[in-house]
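Here the structure is laid out as structure tokens; the discussion comes afterwards.
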Amino acid sequence: MLKRTLAANDGTTPETRLYRLVADRIQELIRNEHISPGERLPSERDLATKLSVSRASLREALIALELGGVIEVRGGSGVYVSERPTPADLPEAGPGPFEVLSARRLIESEIAAIAARVATDSAIDAILKAVVEMEQNHSNYSSNEQADRNFHIAIARATGNSALVGSLDYLWDQRGRLWHKLKEHFQTEELRQETLKDHRRILEAIAAHDPAAARKAMRAHLERVTRTFSRG
51 MLKRTLAAND GTTPETRLYR LVADRIQELI RNEHISPGER LPSERDLATK
101 LSVSRASLRE ALIALELGGV IEVRGGSGVY VSERPTPADL PEAGPGPFEV
151 LSARRLIESE IAAIAARVAT DSAIDAILKA VVEMEQNHSN YSSNEQADRN
201 FHIAIARATG NSALVGSLDY LWDQRGRLWH KLKEHFQTEE LRQETLKDHR
251 RILEAIAAHD PAAARKAMRA HLERVTRTFS RG
């Protein structure tokens, strides 16, 4: 309903990403309520209520606005209008992080279950190698990110289905700038440690050839990441 209403009001098409529509509404609010550069916006909770959107959609919109130089997110303080002039258009940033996570929960949970049924010893070794790489590159962001991707792709390869590998590769390529900016705000030592534990649980379930446990472990992992990035 919100998407249709915003499209009708702003002249956008129904295919316009929701977070961009919400971002436009936030910019409209800044103008209408005369929030000056350097001033603080209402809290995320209040903004979500005022705009009648979910916290996830609001957070994606705020990240897009931050990337566009419209606002500044100050950890522990709040969201402020940037001192720079507001740009007319936001940069295209691809699908929102929560869209990607939702798709991954659906697809990767089943990929893990299939892998648990059919994975060979060499496929399991490849998954283990990626886990070890993550542990060894714990404090190196780019290397840790690559090892994280290698882990999930290794599980897809363990299914023996190249179409699933291609689908997962595509989803990872969609993470883009919104994802990395969101992760920048929420990445903590606790999150890194929890991710390693999640990966170990997924690996153990696949190595035990337990599809139900593998599906549950993968879903729990991606749900935890979603909760972490959604928390207030």
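Final position of the sequence shown in this note's numbering is 282; the numbers increase by one with none missing. Ideal Cβ placement from N, Cα and C applies to all residues, glycine included.
query                                                                                     : result
Closest by C-alpha distance to H249, when choosing among V120, K266, E94                  : K266
Integer-rounded CB distance, given that A257 should sit under 8 Å from I161               : So it is not a contact: roughly 16 Å between Cβ atoms.
Buried or exposed by the 16-neighbour rule on C-beta atoms within 10 Å, applied to R167   : exposed
Span of the beta strand (DSSP E), counted from its first residue to its last, around I121 : 121-124
Where R67 falls, given that 16 or more other Cβ within 10 Å makes a residue buried        : buried
For G226, three-class secondary structure by DSSP                                         : helix
Nearest-angstrom Cα separation, counted from P147 out to A213                             : 23 Å
Beta-carbon gap between A165 and I205 smaller than 7 Å                                    : yes
Between the CA atoms of E89 and E133 - distance to the nearest angstrom                   : 9 Å
N187 beta carbon less than 7 Å from that of N194                                          : yes
7 Å Cβ cutoff met for V72 and S107                                                        : yes
V120 versus E110 - alpha carbon distance                                                  : 14 Å
Residues near R242 by beta carbon distance below 8 Å, same chain, minus five either side  : H188, N194
Beta-carbon proximity check, L117 vs R227, cutoff 7 Å                                     : yes
Proximity to L115 [Cα-Cα], best of H84, R105, Y130, N190                                  : Y130
Top-ranked residue by Cα proximity to G126, from F236, D223, L253, E244                   : F236
Nearest-angstrom Cα separation, counted from E273 out to A58                              : With a pLDDT of only 39 at A58, under the threshold of 50, the placement of this residue in the model should not be trusted; the figure read from the coordinates follows. Distance between the alpha carbons of A58 and E273: 33 Å.
Reference V181, options R251, H259, A262, E78, closest by Cα                              : R251
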